[in-house]
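Protein chains in written order, with this note's numbering: chain A, 1 to 79; chain B, 1001 to 1158. Here's the structure we're looking at; comments come further down.
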Amino acid sequence: MKFDKTLDCYGLSCPMPLYKASNEMKNMKQGEVLELISTDEGIKEDMPAWCRTTGNEYLGMEEEADVIKVYVRKKKQEE
Amino acid sequence: MSKKATIIVFSSDLDKVLAAFNIALGAASAQMQVTMFFTFWGLNVIRKKKSGVSKKDFTRKAFGIINKGGENRLKLSRFNMGGVGAGLIKRLMDRLKMPRLKEMISMTNDMGVKFIACTTTMELMGIDKEAMLPEVKGFAGVATYIDEASQSEINLFI
């Protein structure tokens, strides 16, 4: 999947990946895609949930060896 | 307008307080406006370690000697074993790259989480404003909590 920024959250547990994603998103433009690399099994459910709460668009995930890569597009309308 | 979450921190058990800050950080990361109310034992979480003893009267002075503040003094609700358990959990958290409570306080503060100390229990326990961490910006009572909580989608008592 194509992305604009990548965020390495290897070895981090909840809620740190989402905390980092939230901060990273602040520096991104609307419509840009963030790749988040995680080892937390919970991220598979948490990222779609976080997107539902924040209004960002969940694009999907890819599992590779021991890591989970999730993709999120920054929402168009930021207040 | 963004959604709101309100958390009352009543306990000073390390495990419960960690859970409270975890939820606060998660909610703040989801762009929610978070308010944490600290009351009773929870006040110790946001007190400076050397916060002094109240000079108000004998009872509160004596109480101040045994009821000490500071996030690093908190005990586990189970298996504390005179601090050994708490120490083991902290070491394990470090190994798993989980933030310590102290870091969680500064992270949530940086994310704009509002810390409010309950003035009634501060009075009861003889804790002054000066004894609180600089992150604590609000000092209020139950009406403020009711106002915040009634506008909140999430409301917890820990």
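Heads up, the beta-carbon is just placed ideally off N, CA and C, and yes, glycines get one too.
Can you tell me where the beta strand (DSSP E) with residue i in it begins and where it stops?
i, result
"residue 1035 (chain B)", "1033 to 1038"
"residue 1098 (chain B)", "Unbroken run through residue 1098 (chain B): none, as it is neither H nor E."
"residue 37 (chain A)", "33 to 38"
"residue 1158 (chain B)", "Element bounds for residue 1158 (chain B): n/a, residue is neither H nor E."
I need the DSSP call for residue i, collapsed to helix, strand or coil.
i, result
"residue 46 (chain A)", "helix"
"residue 1114 (chain B)", "strand"
"residue 1132 (chain B)", "strand"
"residue 1013 (chain B)", "strand"
"residue 61 (chain A)", "strand"
"residue 1005 (chain B)", "strand"
"residue 1126 (chain B)", "coil"
"residue 1021 (chain B)", "helix"
"residue 1070 (chain B)", "coil"
"residue 55 (chain A)", "coil"
Once you ignore the five residues that flank residue i on each side, which residues in its own chain have a CB closer than 6 Å to its CB?
i, result
"residue 1056 (chain B)", "1126"
"residue 79 (chain A)", "Because residue 79 (chain A) carries a pLDDT of 48, less than 50, the predicted location of this residue cannot be relied on, and no value is offered for it."
Under 7 Å Cβ to Cβ from residue i, same chain only, skipping five residues before and after it: list those, please.
i, result
"residue 1064 (chain B)", "1053, 1054, 1126"
"residue 31 (chain A)", "73, 74, 76"
What residue does the alpha helix (DSSP H) around residue i start on, and which one ends it?
i, result
"residue 8 (chain A)", "That residue, residue 8 (chain A), is in no alpha helix (DSSP H); its beta strand (DSSP E) goes 5 to 9."
"residue 1142 (chain B)", "1142 to 1150"
"residue 68 (chain A)", "Here residue 68 (chain A) belongs to no alpha helix (DSSP H); instead the beta strand (DSSP E) covers 67 to 73."
"residue 1060 (chain B)", "1058 to 1066"
"residue 22 (chain A)", "16 to 26"
Cutting at 8 Å between CB atoms, please list the residues of its own chain near residue i, excluding the five before and the five after it.
i, result
"residue 1122 (chain B)", "1043, 1128, 1129, 1139"
"residue 1015 (chain B)", "1076, 1077, 1078, 1089"
Taking beta-carbon pairs under 8 Å, can you tell me which members of the segment 1096 to 1118 of chain B lie near chain A? 1096, 1097, 1098, 1099, 1107, 1111
Below 7 Å between beta carbons is the criterion; list the residues of the segment 1027 to 1040 of chain B that meet it against any residue of chain A, in chain order. 1029, 1030, 1031
Stretch-stretch touch, CB-based, cutoff 8 Å, three pairs: the segment 1105 to 1124 of chain B with the segment 1141 to 1148 of chain B: yes
Does the segment 1065 to 1074 of chain B come close enough to the segment 1088 to 1106 of chain B that 3 or more CB-CB pairs lie under 8 Å? yes
Can you pull out the residues from the segment 39 to 68 of chain A whose beta carbon lies closer than 7 Å to at least one beta carbon of chain B? 50, 53, 54
What are the residues of the segment 1012 to 1026 of chain B that lie near chain A, defined by any Cβ-Cβ distance shorter than 7 Å? 1022, 1025, 1026
At least three beta-carbon pairs within less than 8 Å, the segment 1127 to 1137 of chain B to the segment 1037 to 1050 of chain B: yes
Using 8 Å as the threshold, is the segment 1032 to 1039 of chain B in touch with the segment 1088 to 1104 of chain B, meaning 3 or more CB pairs across them? no
Three or more C-beta pairs closer than 8 Å, one from the segment 2 to 14 of chain A and one from the segment 28 to 47 of chain A: is that the case here? yes
Taking contact to mean at least 3 C-beta pairs separated by less than 8 Å, is the segment 41 to 50 of chain A in contact with the segment 60 to 70 of chain A? yes
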